[in-house]
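Down below is the structure, laid out as structure tokens.
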Amino acid sequence: MSVSASKKFENFSEWFDDVIFRARIVDNRFPVKGFSVYLENGAFMLDVIKKLLEDELEKTGHKKMYFPLVTSEELFRKEAEHIKGFSKEVFVIDQGSGEQKLIIRPTSETIMYPMFKLWIRSHADLPLKVHQSVNVYRRETKATRALYRVREIPWNEAHTVHENAAEAEKQVREAMQIYETVLKKLCIGYIILKRPDFDKFAGAVYSIAFDAWNPDGKVNQVATIHNLGRNFAKAYEIEFEKRDGSRGTPYQTCYGFGFSRVIAAIIAQHGDDRGLVLPPVVAPTQVVIIPILFKGQEKQILDYASKVRDMLAGRWRTVLDDRDDITPGEKFYHWELMGVPVRVEIGPKEVVESSVTLARRDTLERVKVSLDELVGKVDELMRAIESNLLERSRRMMLSVISDANNMEEIKKILKERRIARINWCGSIECAEKLKDEVGGEVRGERYDIVEKPFGPCAVRRGEARSVVYVARSY
Ligand code: PR8
């Protein structure tokens, strides 16, 4: 299907809201702004993604813990920049009757770090690497949007403490690799950007972010990694005895992976006008078997379909749709909406030939295979779907980026729902002018590769210091 004829690309919001509801991902009708219900398929995907990430974190020595939901006003106020960044966004529990107010975590630095202070005594306690998958709460002031910008945020946050700056720097790289591994398994296309100083995490030395492309041209920040330097350690008085016996302040990093935004990216990047297209790893149902029943042959066909189900069920999450109150066509439509990677069609012909017809959801191609080849062929199709989705999304990420040399060109690119790559002098004034006049945000420069300026600043023609990406965002 061409892009211009596609509802997903023409009217993304409508397409997305319709798909997440009908494919049973999220019901966004809960009557409190920014809070929604994860339906069975959304909850399933969330659990799979969480597991994929936690496995990688544990392989690299992060310990899983659970910290409290609340912090006190006093603890919350310790790191000056952090308060500035978050104080307007927190939900507060007023306990009444003169008791101190409690602050619900917008993120957990102010909850974890007082404990780190107690736990860390000497260099032998370092590195400390902990993580938790929990919900955090932010009173987002921008318009909320199901999965993309919510007030109850399901995420994983990891926090680390190190002896020196070099170790912390190394940790940023490790975090980057962990996130890359997981996003690759989910076939998501993204770029890794170092945010400009004015947009870094409140309290960080620098922040890097994974921006995933979206069909409406906005970028979706699915994860971020922050080098905190010693800012928080100083504020929370975390100290340790160094190898030479003297006292020192350690270096910290933290990183967060937004599960709801990652689910949004999977849906938005891979889906089509028929509904979801899921990478096999996150699909609640990976294979659906649809018997095409003919009068008088129902029993043979259903018996054969059950045999096929038994062959696949131990390897893949398999459903035999033997409902008799809807047509095979309606079943195709239903399971395509759900994004099931592989459909197995079985009619009288297949029974006679000892074969099945396989259809893949990503390209809609169909092939007939004999029963002997079935298991191997389904395995092969799953791998092919995964690599095709990854390929497609990565290609798309690159294809939406265009170079722009002046404001007119930037404006045009953003209007075409794309991302502009520009030379930038580094001034806030130019970034603000961009925001005011064309609605584009300076998202930052590439972190994974070095890019040299190829002309003057695209905004006011001053000398360029870096090459940055400009986009609208959620
Ligand atoms: C930190 N502290 O807090 P971060 N809706 C959906 N996802 C969101 C939202 C939202 N309103 N806000 C943030 N996220 C650091 C790192 C501990 C962990 C997701 O970092 O404020 C985004 O994917 O950058 C974001 O990249 C991630 O949480 C981390 O949030």
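For what it's worth, our numbering labels the leading residue of the sequence shown as 1, then goes sequentially.
A virtual CB, placed ideally from N, CA and C, is assigned to each residue, including glycine.
Note that the coordinates shown come from a computational prediction; the quantities given were computed from them, not determined experimentally.
Check	Outcome
Using only alpha-carbon positions, find the residue among K84, E241, I346 and T363 that is nearest to T357.	I346
So what does DSSP say about Q171, is it helix, strand or coil?	helix
As a quick exercise: from P114, L46, V262 and C430, pick the residue whose alpha carbon is nearest that of E464.	Per the sequence presented here, residue 464 reads as Ala, with Glu not at that position. Among P114, L46, V262 and C430, the Cα nearest to that of A464 is on C430.
Can you list, in chain order, the stretches of the alpha helix (DSSP H) that have 4 or more residues and sit fully within the region 291–361?	298–313, 328–337 and 348–353
Can you list, in chain order, the stretches of the beta strand (DSSP E) that have 3 or more residues and sit fully within the region 229–278?	251–258
For the ligand PR8, I want to know if Q252 counts as a neighbour, meaning its beta carbon is within less than 7 Å of at least one of the ligand's heavy atoms.	no
Residues in its own chain within less than 6 Å of V130 by CB, not counting five upstream and five downstream?	K63, M65 and H159
Tell me whether the region 117–129 and the region 79–97 touch, counting them as touching only if at least three CB pairs, one residue from each stretch, are closer than 8 Å.	no
Counting only beta-carbon atoms, is E298 nearer than 8 Å to chain D?	The structure shown contains no chain D, having only a single protein chain.
Given this structure, state the Cα-to-Cα distance separating L389 from H270, to the nearest angstrom.	7 Å
Going by DSSP, name the residue or residues bridged to K377.	Paired residue(s): none; K377 is not in a bridge.
Rounded to whole angstroms, what's the CA-CA distance from S4 to I428? Just pull it up for me.	Its pLDDT being 47, under 50, S4 is placed unreliably in this model, and the coordinates cannot settle the point.
By alpha-carbon positions, which one of E174, I289, I104 and E169 ends up nearest to I153?	I104
Taking the runs of the alpha helix (DSSP H) that are 4 residues or longer, which of them lie wholly in the region 25–86?	40–59, 73–76 and 80–86
I'd like to check one pair, A212 with Y179: are the Cβ atoms closer than 8 Å?	no
For S207 and E157, which I take to be in contact (beta-carbon distance under 8 Å), what is that distance rounded to the nearest angstrom?	Going by Cβ atoms, the distance from S207 to E157 rounds to 14 Å, so no, they are not a contact pair.
Under the three-state reduction of DSSP, which class applies to Y447: helix, strand or coil?	coil
Check this for me: beta carbons of V438 and K452, under 8 Å apart or not?	no
When the Cα atoms are used, what is the spatial distance from A471 to R443?	7 Å
Could you name the residues of the same chain whose beta carbon sits closer than 6 Å to that of T318, not counting the 5 residues immediately before and after it, in chain order?	V287, R309 and L312
Quick one: Cα of S2 to Cα of V282, how far?	Note that S2 scores 43 on pLDDT, short of 50, meaning its location in the model is unreliable; the coordinates nonetheless yield the value given after this. Using only the alpha carbons, I get a separation of about 27 Å.
Starting from D17 and walking both ways along the alpha helix (DSSP H), at which residues does that stretch end?	F12 to R22
F521 by DSSP, collapsed to three states: which one?	Here the chain comprises residues numbered 1 to 474, so residue 521 is not present and cannot be evaluated.
Output needed for K142: all residues of its chain with C-beta closer than 7 Å, excluding positions within five of it in sequence on either side, in chain order.	R149
Any contact of the region 358–366 with the region 377–388, i.e. 3+ C-beta pairs under 8 Å?	yes
I'd like to check one pair, N227 with A264: are the Cβ atoms closer than 8 Å?	no
Apart from the five residues just before and just after P215, which ones in its own chain have a Cβ nearer than 7 Å to its Cβ?	K8, F9, F12 and A268
From the DSSP output, in three-state form, read off L364 for me.	coil
Using only the alpha-carbon positions, how far apart do K415 and T60 sit?	42 Å
Please report the straight-line C-alpha distance between V70 and R394, rounded to a whole angstrom.	39 Å
Going along the chain, which residues of its own chain have a beta-carbon closer than 7 Å to the beta-carbon of F232, five neighbours each way excluded?	E79, E109, Y113, G203 and Q252
Are the beta-carbon atoms belonging to N220 and R261 less than 8 Å from one another?	yes
Can you tell me the Cα-Cα spacing of E89 and V32, whole angstroms?	16 Å
With distance defined between alpha-carbon atoms, name the residue in W15, E14 and A43 nearest to F259.	A43
For the ligand PR8, any of its heavy atoms closer than 7 Å to the Cβ of H62?	no
Leaving out five residues before and five after G217 in sequence, what residues of the same chain have Cβ atoms less than 8 Å from its Cβ?	V400, L414, E416, R417, R418, I419, A471 and R472
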